[in-house]
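Worksheet: one structure, shown below.
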Amino acid sequence: MDPGEELLEVIELPPGGPPPEDLADEVAEVELDEEEEEEEEQWETEDEDGDVEENMEAMRDHSELTFSRHSKAVFCVSLDAGSSSLVVTGGEDDQAFVWRLSDGEVVLHCAGHKDSVISASFSHDSSMVATGDMSGLIMVWKLETRKRVWSFEVGDLQWMAWHPVAPVLLAGTDEGSVWMWKVPGGECKTFPSPGSQATCGVILPDGKRAVVGYEDGTVRVWDLKQGSPLHVVKGAEGHCGPLTCVACDRNGSLVLTGSVDCTVKLLNTTTGKVVGVLCMGSSTRGCEDGEELPAAGIVQLRWECHTALLYTASLDGVVRMWDARTGSMQSEYRGHRAEILDFAVNKEASAIVTASGDHTAKVFCLQQPDR
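Here the sequence shown is numbered in this note's numbering, starting from 182 and rising by one per residue.
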């Protein structure tokens, strides 16, 4: 063979093999498949980057302190009304603890419950703390002596609330009745059931009225002296699902009601009329950016004293601060790995304490937006 002659290899196709044009098609298909795989890998990488960012945001912990003495879900939390230096929490582990906000040190173990502690709060002067469990056992402890001074058993308990200026305790039950006691004397008064579970309630600052929410979506404003309802909010004015929380402003003229229907309603307690609605699942960030948040049932809400700000906690494990004047969200506070079941705000509005299904309570420092 001539050294300058080009060497060509001839490959014979097997009998019955594909014709040359089919081979060309196969080569083209392989090239296209490789390009598609590269594009898919690129899209997958971008999606993974987005997922990582979302996961990092979801895992971010904004809290300053975590209380971990409970072994199961923490159902309730409250701050003392005086100095806001003490916290009480109750949980699914049948335990309740009073602990210091500053460092989480336990100062009182409220022992004796035989069912999940679902309500716990301090009296108006912070001299007593009440704890109640699902079975209906309510116990009141005197903080100065660390001793139990009163107890009572009702039907299955839903909630408790202290009177704003007197040693009087209000409680709602599964069968819909509301009880009121003078503590520790024990004098008792009851308000009749409307046939629906009393799911939440609060005594208004005037000490003469109480607002109670029910499982059927209705709200009643009760006259505590007469034992009769002053207003009943129902139908289109009421909620489409069970009430989960109520909170009043500083003079009791306005009340916020939250529900599993993902709405918050603003109620005038004098007229019994709904004067505003905040929908948590659509354009909840306001008109500035039009971004929508996923719908999440409202578990708890609180007013901030002397301002138009309010706070909500939802099943997505996030506390949100809202401007009630515009309906726009101001801040978010994350850190829990499960739903938030209750929360409290101190009177200076500088800290929030949360209770969660992840077995912890957390303390968050609040950032104050411009008023």
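Positions of the beta carbon are idealized from the N, C-alpha and C atoms, including for glycine.
None of these values were measured; they are calculated from a predicted model.
Cβ-Cβ distance between residue i and residue j below 9 Å
i    : j    : result
T247 : G285 : yes
G382 : G394 : yes
V310 : S304 : yes
H412 : T450 : yes
A292 : Q339 : no
W403 : F372 : yes
V268 : D274 : no
L448 : V456 : yes
L405 : M361 : yes
R327 : V321 : no
S302 : S264 : no
T425 : G388 : no
V346 : A352 : no
S300 : C257 : yes
A489 : V255 : no
Local Cβ density within 10 Å of residue i, reported as buried at 16 or more and exposed below that
i    : result
H290 : exposed
G366 : exposed
V480 : buried
T438 : buried
Q407 : exposed
A536 : buried
Q548 : exposed
G516 : buried
E473 : Residue placement at E473 cannot be trusted, given a pLDDT of 46 that sits under 50; the coordinates are not used to answer.
G416 : exposed
C452 : Note on identity: in this sequence residue 452 is Thr, with Cys being the wrong assignment. Exposed, by the Cβ-count rule.
G376 : exposed
C443 : buried
W224 : Confidence in W224 is poor, its pLDDT being 48 and thus under 50, which makes the residue's placement unreliable; the coordinate value appears in the next sentence. Per the 10 Å Cβ criterion, exposed.
Bridge-paired residues (DSSP) for residue i
i    : result
I479 : S495
S537 : I521
A542 : F248 and A536
M361 : L351 and K370
K406 : None, per the DSSP bridge assignment.
R401 : V393 and V413
K454 : N449
F278 : T270 and H290
G382 : V393
V255 : G272
Cβ shell of residue i (< 7 Å), same chain only, five flanking positions each side left out
i    : result
V544 : S244, E245, L246, L282, A532 and V534
K618 : No answer is possible for residue 618: the residues shown for the chain start at 182 and end at 552.
R250 : F278 and V287
N432 : P386
G419 : G398, T399 and V400
P410 : R401, V402 and W403
Sequence-distant residues of the same chain with beta carbon closer than 6 Å to residue i, five excluded per side
i    : result
L459 : V445 and G508
P475 : Reliability fails at P475, whose pLDDT of 47 lies under 50, so the model's placement of it is uncertain and no value is given.
R483 : A428, Y492 and V526
E513 : V499 and R501
A494 : V480, Q481, V500, I521 and F524
D242 : G516
S266 : L282
V392 : V383, V402, V427 and V436
V364 : V321, W331, P348 and L350
W503 : L491 and M510
Endpoints, beta strand (DSSP E) assigned at residue i
i    : result
R568 : Because the chain spans 182 through 552 in this model, residue 568 falls outside it and cannot be assessed.
D387 : Note, D387: premise wrong, no beta strand (DSSP E); not H, not E.
M320 : L318 to K323
H290 : V287 to H290
G313 : M309 to D314
G439 : L435 to S440
A301 : V298 to F303
S332 : K328 to E334
E513 : S509 to Y514
Residue i at chain B interface by Cβ criterion, 9 Å
i    : result
G353 : Included in the structure is just one protein chain, with no chain B present.
Other residues of its chain near residue i: CB distance less than 8 Å, five sequence neighbours each side excluded
i    : result
S356 : The amino acid at residue 356 is misidentified as Ser; the sequence shows Glu. Hits under 8 Å: G336, D337, S374 and Q378.
D203 : Low confidence applies here, because D203 scores a pLDDT of 49, under 50, leaving its location unreliable; read the following figure in that light. No residues qualify anywhere along the chain.
Distance cut-off 8 Å: residue i Cβ against heavy atoms of the ligand COA
i    : result
T270 : For the ligand COA, the structure offers nothing, since it holds no ligand at all.
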